[in-house]
Amino acid sequence: QVQLVESGGGLMQAGGSLRLSCSASGHIYSIPTMGWYRKIPGKQRELVASLTNIGGVSYTDSAKGRFAISRANANTVYLQMNSLKPEDTAVYYCNFRCLVNSSLRDFWGQGTQVTVSS
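The sequence shown maps to residues 4 to 121 in our numbering.
1. Determine whether the beta carbon atoms of N98 and G29 lie at a separation below 7 Å.
2. For my contact list, V5 and A27 are in at a C-beta cut-off of 8 Å; report their separation, rounded to the angstrom.
3. Identify whether S65 lies in helix, strand or coil by the three-state DSSP scheme.
4. So, does the segment 101-110 touch the segment 41-49, judging by three or more C-beta pairs under 8 Å?
5. CB T115 to CB G12, shorter than 7 Å?
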């Protein structure tokens with residue numbers, strides 16, 4: 004079983020920066036696809052950034068040029084968020100898509116609140 008723990012959220016003024024971290028415990032046998040999602044009240048959960056096991060990255064349009072996803076190893080992923088805007092306010096969740104017994108499984112963190120004030 005893989006457990007994910009996010010950290011780094013908080014309150015920030017517009018224009019500021021935050022770095023979210025997500026660390027995994029448990030057995031991860033190969034580099035997973037890692038992603039950051041966010042949930043804004045009243046809206047569907049949105050994929051903000053993803054990083055494949057071979058290094059491919061993608062971002063939602065609103066994050067392009069401001070956010071950067073990176074990983075330290077197979078267990079740790081970051082989301083650097085710059086030029087924050089009030090509309091970035093959300094609960095951010097990390098996701099690992101791991102190969103378990105020849106099948107892909109999704110693991111989620113508990114979420115970390117990011118609040119951006121204007």
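Glycine included, each C-beta is placed from N, C-alpha and C at the ideal position. These figures come from a predicted structure and were not determined experimentally.
Looking at the coordinates:
1. Going by C-beta atoms, N98 is not nearer than 7 Å to G29.
2. Confirmed, Cβ separation roughly 5 Å.
3. If DSSP states are grouped into helix, strand and coil, S65 belongs with the helices.
4. Flag = no, the segment 101-110 and the segment 41-49 do not touch.
5. Taking C-beta atoms as the reference points, T115 and G12 count as a pair closer than 7 Å.
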